[in-house]
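Scroll down for the structure; my scribbles are underneath it.
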Amino acid sequence: MEMACVQTLNELKENLHTLDTYLDGQTEPYYSYAVDRIKKGVCFVAVKTEHGFRFYPSRFIGYQHNSMEAHENNVWKDGKETTPAITHILGHKPCPDAELERAYQAYCEALGFTANQKGAYGVERKFWRF
Numbered sequence: 025m026e027m028a029c030v031q032t033l034n035e036l037k038e039n040l041h042t043l044d045t046y047l048d049g050q051t052e053p054y055y056s057y058a059v060d061r062i063k064k065g066v067c068f069v070a071v072k073t074e075h076g077f078r079f080y081p082s083r084f085i086g087y088q089h090n091s092m093e094a095h096e097n098n099v100w101k102d103g104k105e106t107t108p109a110i111t112h113i114l115g116h117k118p119c120p121d122a123e124l125e126r127a128y129q130a131y132c133e134a135l136g137f138t139a140n141q142k143g144a145y146g147v148e149r150k151f152w153r154f
């Protein structure tokens, strides 16, 4: 099943909320699935909260009305599609950011794992501030 990329800020926020629900609810298999997306991500939307930053992987949040089930059934998922869609909505490209990289590593530790040195495929992580 092919899914459409997000086109509006509300669609993007809907997916941020979905991942927050998976993480905050800590219900399996959703919690582990969300953590795994964060562990494997390369480009992230970084959102500052009262408890520090939260990080949302572009390949998940970049598709309309996404969920664990929809994402697993999306054989065409590709960051080459979602990164431009999110860039269009937020008005700037993701880029390496030393402060956000440190915050990402701390976020991963809070989720119970140590962040890999690089994103998937050995690529440097990039961030949009939101």
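Numbering (my numbering), first residue to last: 25 to 154. For each residue, glycine too, the CB sits at the ideal point set by N, CA and C.
Beta bridge counterpart(s) of residue i as assigned by DSSP
i	result
A30	With the sequence shown as reference, residue 30 is identified as Val, and Ala is not the correct amino acid for it. V30 pairs with nothing; no bridge assigned.
A70	F79 and R153
Y87	C29
Cβ-Cβ separation, residue j to residue i (assumed contact under 8 Å), whole Å
i	j	result
A130	G76	7 Å
Y87	V30	7 Å
T106	R83	6 Å
L47	I85	About 13 Å; that fails the 8 Å criterion.
W152	P120	Actually they are not in contact, since the Cβ atoms of W152 and P120 sit about 12 Å apart, beyond 8 Å.
Cβ-Cβ distance between residue i and residue j below 8 Å
i	j	result
A58	L43	yes
A70	L33	no
C67	K150	yes
M92	Y128	no
E38	H89	yes
K64	F137	no
Item to check | Touch test, the segment 96 to 103 against the segment 113 to 128, Cβ-Cβ under 8 Å, three pairs minimum | outcome: no
Checklist entry - What residue ranges within the segment 106 to 141 form continuous alpha helix (DSSP H) runs of no fewer than 4 residues, ordered along the chain? => result 122 to 134
Checklist entry - Where are the beta strand (DSSP E) runs, 3 residues long or more, that stay fully inside the segment 38 to 63, in chain order? => result none
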